[in-house]
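A.B. asks: My questions all concern the structure below.
Numbering (our numbering), first residue to last: 55 to 195.
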């Protein structure tokens, strides 16, 4: 890269919708892992460990599929393995973070603290998104 010029750097956006915003992660011949799929714990702003874990789970599923001669099918073992992993448990416990914070700093902080610190994320309710993100966008001008 000698002589190259840096035009810009840094992240522009992250997929922080959490567990409730995950897309279907497998398709014929491939899989979405890490931040590409949205495996981010938004309450901790942590995702590297999720990228590593989902990469490992997808690799295990891909290896098994290739061994069985199934190179072009959907790796259904990958999402199944994710649901059995510690990562699913972690993201499940943080599932309401974005929805609470959307209600304002004070209420959001209070409720996230209650849910995650006092109750360990094991609450009997799930707050669902009321609108898709793109529905909340407004024109820049």
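Beta carbons are placed, not taken as given, at the ideal position from N, Cα and C, and that holds for glycine. Keep in mind it's a predicted model, so treat the numbers as computed, not measured.
Short check: CB of residue 93 to CB of residue 128, under 8 angstroms?
C.D. replies: Contact flag unset, no.
A.B. asks: Kindly list the residues whose CB is nearer than 7 angstroms to the CB of residue 85, restricted to its own chain and excluding five residues on each side of it in sequence; keep chain order.
C.D. replies: 79, 112, 129 and 132.
A.B. asks: Taking the runs of the alpha helix (DSSP H) that are 4 residues or longer, which of them lie wholly in the segment 73-121?
C.D. replies: If we require 4 residues or more, the alpha helix (DSSP H) runs fully inside the segment 73-121 come out as 88-91 and 102-121.
A.B. asks: By DSSP, does residue 178 sit in helix, in strand, or in coil?
C.D. replies: In this structure, residue 178 counts as coil in the three-state DSSP scheme.
A.B. asks: Measure how close the beta-carbons of residue 150 and residue 180 come, nearest whole angstrom, since I'm counting them as under 8 angstroms.
C.D. replies: Residue 150 to residue 180, Cβ: 7 angstroms. Contact.
A.B. asks: From this set, 71, 56, 146 and 192, which residue's C-alpha is nearest residue 170's C-alpha?
C.D. replies: Residue 146 is the option with its Cα nearest to residue 170.
A.B. asks: So, under 8 angstroms CB-CB, residue 101 and residue 89 are touching, yes? Tell me the CB distance rounded to an integer number of Å.
C.D. replies: Their Cβ separation, rounded to whole angstroms, is 5 angstroms, which keeps residue 101 and residue 89 in contact under 8 angstroms.
A.B. asks: If you follow the alpha helix (DSSP H) that residue 162 is part of, which residue opens it and which one closes it?
C.D. replies: Where residue 162 is concerned, the enclosing alpha helix (DSSP H) stretches over 159-166.
A.B. asks: Using the rule of at least 16 other Cβ atoms within 10 Å of the residue's Cβ for burial, across every protein chain shown, is residue 153 buried or exposed?
C.D. replies: So residue 153 counts as buried.
A.B. asks: Mind checking which residues open and close the alpha helix (DSSP H) that includes residue 189?
C.D. replies: Residue 189 -> no alpha helix (DSSP H), and no H or E assigned at all.
A.B. asks: Considering only residues of the same chain and omitting the five flanking positions on each side of residue 134, which have a CB-CB separation below 7 angstroms?
C.D. replies: Nothing listed; no residue qualifies.
A.B. asks: Going by CA-CA distance only, name the one from 87, 178 and 160 that's closest to residue 115.
C.D. replies: Of 87, 178 and 160, the residue nearest in Cα terms is 87.
A.B. asks: Should residue 174 go down as buried or exposed, given a rule of 16 or more other Cβ atoms within 10 Å for buried?
C.D. replies: The residue in question, residue 174, is exposed, as its Cβ has fewer than 16 Cβ neighbours within 10 Å.
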